[in-house]
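Protein chains in written order, with our numbering: chain Z, 9 to 218; chain V, 9 to 218.
Ideal Cβ positions, reconstructed from N, Cα and C, are used throughout, including at glycine.
Below you'll find the structure, written out as structure tokens, and then a few comments.
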DNA sequence: GTTATGCTACGTACCGATCGGTTACATCGT
DNA sequence: ACGATGTAACCGATCGGTACGTAGCATAAC
């Protein structure tokens, strides 16, 4: 039968990731593709080739597993964001343009389903929910950052430009899920550029309020 | 059995709404406040002072009840949208401004949780789901409409302006749920006005695209 | 006028499946 | 030996959904 017990037939034990990481990785994919509520813990451990006790040894609850998934997303987001900043050499206008064109690329990839943090906040309206807390903190930080960038661009109303960019970003996240292909989200970089151009132009401010 | 409070509920046969309508009304409130997946049919019928068979006599499934809820939302949306159009006397620029200022008012009201159709589409990524179908059809119609309005405004790139407005709208819907009060969503009318102004100005198009 | 019938509206009680989460114990590799 | 992991069973609660019985009221037959 299996005479090669010392053979690497079971060699996965050395290279194979720990159950905790397999669960986290599998949960990430399932949560993002199907939504958090839609995925049960049984399905997670089954597809991770793990078991429920392993899940609950590493995470106190499904909600906390979801929060961990969102923290990972938050980290990955800021890595992309700062990578664009570095590539733009500190020019905030080039920075946001670069990031948004990268976002458009991601939107084009099959299976893209917007921002995991926004989606989670919509799935969990309860203010104290662990997942929502991560999402809300992320969005607050992002808003602050966009406002700083608008200020660095020399916008006359940095708060207004920052919020405009935040709206376009969230709009792109949502629209990318509402339209199958060629939706409005693919225009986000161009629209943002137009908005920035208009916000920096010394001419008409938001002077003509009705 | 249980000496419940069914006393004042029974005799009202003349004035009291039918079970189907009570269920629909209750489901609307619960679905919007908590999300569709978060609400069970038991809770719906309990708070509607009805029973599950009454629900399933009027709706083939919970999914179809959700779809009906979204169709109601779709109707209400277009009523508001066309009311703004009428109030603007056919001027598309005034129309969108009026609508967005009305949206900001709604966002300010406690319990506002964005667009039910967008939320449902995020809750149900599966393309064939009844709820998602309603949401996707609505968003497509809205995009077409915004593009027509951009054209009527005389935009040089109506598709681009229409998509920009669509992004701002979706961004306002999402942001209204991500920030407790005073979030970016309250700037949507101003930002849209700025974008329109810039899109109509004959000067710099999206000319300087690197 | 009474009774029989049928239709509409609704409730009681239950279904199997799955939910998130837990227990005690065996097995594995090092 | 020891920590990490798997096995298998189990928990109460809740999930969406249904078989079946019943109350109320109108009509119609007698």
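Q: Using a Cβ-Cβ cut-off of less than 9 Å, list which residues of the segment 170-192 of chain V approach chain Z; keep chain order.
A: Of all residues in the segment 170-192 of chain V, the ones placed with a Cβ closer than 9 Å to any Cβ belonging to chain Z are 170, 171, 172, 173, 174, 175, 176, 177, 178, 179, 180, 181, 182, 183, 185, 186, 187, 188, 191 and 192, in chain order.
_Can you check which of these residues, V:169, V:48 and V:181, is closest to residue 201 of chain V by C-alpha distance?_
By 1-based counting over the second chain, the position of residue 201 of chain V is 193. Nearest to residue 201 of chain V by C-alpha distance, out of V:169, V:48 and V:181, is V:169.
Tell me the DSSP secondary structure of residue 188 of chain Z in three-state form.
Your numbering for residue 188 of chain Z matches position 180 in the first chain. Coil at residue 188 of chain Z, not helix or strand.
Beta-carbon separation of residue 204 of chain V and residue 101 of chain V under 8 Å? For the purposes of this step, residue 204 of chain V is taken as residue 196 along the second chain, with counting starting at 1. For the purposes of this step, residue 101 of chain V is taken as residue 93 along the second chain, with counting starting at 1. Taking a C-beta distance under 8 Å as the contact criterion, residue 204 of chain V and residue 101 of chain V qualify as a contact pair.
* To do: Taking residue 174 of chain V and residue 78 of chain V to be in contact with their CB atoms under 8 Å, please state how far apart those CB atoms are, rounded to whole angstroms.
  => What you label residue 174 of chain V is simply residue 166 of the second chain in a count that begins at 1. What you label residue 78 of chain V is simply residue 70 of the second chain in a count that begins at 1. Taking the Cβ atoms as the reference, residue 174 of chain V lies roughly 18 Å from residue 78 of chain V, outside the contact range of under 8 Å.
Q: Just the chain Z side, please: which residues come within less than 8 Å of residue 127 of chain V by C-beta, in chain order?
A: One-based indexing of the second chain puts residue 127 of chain V at position 119. Those within 8 Å of residue 127 of chain V in chain Z are 130.
Notebook entry, point to check: Going by alpha carbons, who is nearest to residue 89 of chain V out of V:103, V:80 and V:76?
Noted result: For the purposes of this step, residue 89 of chain V is taken as the residue at position 81 of the second chain. The shortest C-alpha separation from residue 89 of chain V is found at V:103.
Self-check item: chain Z residues whose Cβ lies nearer than 8 Å to that of residue 118 of chain V
Solution: Sequence index remark: in the second chain, residue 118 of chain V carries index 110 (1-based). Per Cβ cutoff of 8 Å: no residues; residue 118 of chain V is ~13 Å from chain Z at best.
*Quick one, are the C-beta atoms of residue 185 of chain V and residue 130 of chain Z less than 8 Å apart?*
The sequence position of residue 185 of chain V within the second chain is 177, counting from 1. The sequence position of residue 130 of chain Z within the first chain is 122, counting from 1. Taking the C-beta atoms as reference points, residue 130 of chain Z is found nearer than 8 Å to residue 185 of chain V.
Report task. Check whether the Cβ of residue 144 of chain V lies closer than 8 Å to any Cβ atom in chain Z. Result -> The sequence position of residue 144 of chain V within the second chain is 136, counting from 1. Output row for residue 144 of chain V: interface = yes.
- What do you get for residue 135 of chain Z, buried or exposed, if any count of 16 or more other CB atoms within 10 angstroms of its CB means buried? In the first chain, counting from the first residue as 1, residue 135 of chain Z sits at position 127. Residue 135 of chain Z should be labelled exposed.
Are the Cβ atoms of residue 187 of chain V and residue 147 of chain Z separated by less than 8 Å?
Residue mapping note: residue 187 of chain V aligns to position 179 of the second chain, counting from 1. Residue mapping note: residue 147 of chain Z aligns to position 139 of the first chain, counting from 1. In this structure, residue 147 of chain Z lies closer than 8 Å to residue 187 of chain V by Cβ.
Q | Segments assigned alpha helix (DSSP H), at least 4 residues, entirely inside the segment 135-207 of chain Z | A | Within the segment 135-207 of chain Z, the complete alpha helix (DSSP H) runs of at least 4 residues are 138-161 and 166-186.
Subject >> For residue 49 of chain V, the three-state DSSP class (helix, strand or coil) >> reply: On the second chain, position 41 is the one that residue 49 of chain V refers to. Collapsing the DSSP output to three states places residue 49 of chain V in a helix.
* Quick one: any contact between the segment 37-57 of chain Z and the segment 91-98 of chain Z, if contact means 3 or more CB pairs under 8 Å? -> Judged by Cβ distances under 8 Å, the segment 37-57 of chain Z makes no contact with the segment 91-98 of chain Z, as fewer than three pairs qualify.
Measure the beta-carbon distance from residue 128 of chain V to residue 195 of chain V and round it to whole angstroms, keeping in mind my assumption that it falls under 8 Å.
-> Residue 128 of chain V sits at position 120 when you count from the first residue of the second chain. Residue 195 of chain V sits at position 187 when you count from the first residue of the second chain. About 26 Å; that fails the 8 Å criterion.
When the Cα atoms are used, what is the spatial distance from residue 161 of chain Z to residue 105 of chain Z? Numbered from its first residue, the first chain carries residue 161 of chain Z at position 153. Numbered from its first residue, the first chain carries residue 105 of chain Z at position 97. Each residue's alpha carbon lies about 12 Å from the other.
| said: By the 9 Å beta-carbon criterion, what residues does the segment 32-58 of chain V contribute toward chain Z? | reply: Within the segment 32-58 of chain V, contact with chain Z at the beta-carbon level (separation under 9 Å) is assigned to 41, 42, 43, 45 and 46.
Can you tell me whether residue 122 of chain Z is buried or exposed? The criterion is at least 16 other CB atoms within 10 Å of its CB, across all chains shown. Numbered from its first residue, the first chain carries residue 122 of chain Z at position 114. Residue 122 of chain Z comes out buried.
**Same chain, Cβ closer than 8 Å to residue 19 of chain V, five either side skipped, listed in chain order** = Residue mapping note: residue 19 of chain V aligns to position 11 of the second chain, counting from 1. Low confidence applies here, because residue 19 of chain V scores a pLDDT of 35, under 50, leaving its location unreliable; read the following figure in that light. There are no such residues.
Return no unless some Cβ of chain Z is closer than 8 Å to the Cβ of residue 147 of chain V. As a working note, residue 147 of chain V is residue 139 in the second chain. It does: the Cβ of residue 147 of chain V has a partner Cβ on chain Z nearer than 8 Å.
Quiz item: Three-state secondary structure (DSSP) at residue 129 of chain V?
Solution: The residue you call residue 129 of chain V lines up with position 121 of the second chain. Three-state DSSP puts residue 129 of chain V in a helix.
Using a threshold of 8 Å, state whether the C-beta atoms of residue 32 of chain Z and residue 76 of chain Z are closer than that.
On the first chain, position 24 is the one that residue 32 of chain Z refers to. On the first chain, position 68 is the one that residue 76 of chain Z refers to. A contact, by the Cβ cut-off of 8 Å.
**Message:** For the alpha helix (DSSP H) containing residue 74 of chain V, name the first residue and the last one.
**Reply:** The count along the second chain starts at 1 and reaches residue 74 of chain V at position 66. Membership of residue 74 of chain V in the alpha helix (DSSP H) is indicated by the continuous run 70-95.
>> According to DSSP, is residue 109 of chain V part of a helix, a strand, or is it coil?
In response: For the purposes of this step, residue 109 of chain V is taken as the residue at position 101 of the second chain. DSSP, reduced to helix, strand and coil, places residue 109 of chain V within a helical segment of the structure shown.
Q: Leaving aside the five residues before and after residue 124 of chain Z along the sequence, list all residues of the same chain whose C-beta is less than 8 Å from its C-beta, in chain order.
A: For the purposes of this step, residue 124 of chain Z is identified with residue 116 of the first chain, where counting begins at 1. 39, 40, 77, 78 and 81.
- Grab the span of the alpha helix (DSSP H) containing residue 35 of chain Z for me, first residue to last. Looking up residue 35 of chain Z in the first chain gives position 27. The continuous alpha helix (DSSP H) containing residue 35 of chain Z extends over residues 27-42.
Contact set for residue 72 of chain Z: own chain, Cβ-Cβ below 7 Å, skip 5 residues either direction: For the purposes of this step, residue 72 of chain Z is taken as the residue at position 64 of the first chain. Non-local beta-carbon contacts of residue 72 of chain Z in its own chain, meaning distances under 7 Å to residues more than five positions away in sequence, involve 138 in chain order.
Since residue 91 of chain V meets chain Z, which of its residues come closer than 7 Å, beta carbon to beta carbon?
Start at 1 with the first residue of the second chain, and residue 91 of chain V comes out as number 83. Near residue 91 of chain V there are no residues of chain Z at all, since even the closest Cβ is about 18 Å away, more than 7 Å.
Nearest to residue 189 of chain V by alpha carbon, out of V:132, V:120 and V:151?
Residue numbering aside, residue 189 of chain V sits at position 181 when the second chain is read from its first letter. With distances taken between Cα atoms, residue 189 of chain V lies closest to V:120.
Start-to-end residues for the alpha helix (DSSP H) that takes in residue 61 of chain V
For this step, residue 61 of chain V is matched to residue 53 along the second chain. Start and end: 60-66.
Next on the checklist: Let me make sure I understand the geometry here. Which of Z:191, Z:193, Z:179 and Z:199 has the alpha-carbon closest to that of residue 193 of chain V?
Outcome noted: Numbered from its first residue, the second chain carries residue 193 of chain V at position 185. Ranked by Cα distance from residue 193 of chain V, the options Z:191, Z:193, Z:179 and Z:199 are led by Z:179.
Q | Residue of Z:85, Z:199, Z:116 and Z:181 minimising C-alpha distance to residue 153 of chain Z | A | Working through the first chain from its first residue, we reach residue 153 of chain Z at position 145. That would be Z:85, whose Cα lies nearest to the Cα of residue 153 of chain Z.
Item to complete: Report the neighbours of residue 158 of chain Z on chain V: residues whose CB is nearer than 8 Å to its CB, in chain order.
Response: Position 150 of the first chain holds residue 158 of chain Z. Per Cβ cutoff of 8 Å: no residues; residue 158 of chain Z is ~12 Å from chain V at best.
Which whole-angstrom value is the C-beta distance of residue 27 of chain V and residue 58 of chain V, which I expect to be below 8 Å? Against the second chain, residue 27 of chain V aligns to sequence position 19. Against the second chain, residue 58 of chain V aligns to sequence position 50. Between residue 58 of chain V and residue 27 of chain V the Cβ distance is about 4 Å, and since that is below 8 Å, they are a contact.
Any C-beta of chain Z under 8 Å from that of residue 202 of chain V:
Position 194 of the second chain, counted from the start, is the residue given in the question as residue 202 of chain V. Judged by the 8 Å Cβ criterion, residue 202 of chain V is in contact with chain Z.
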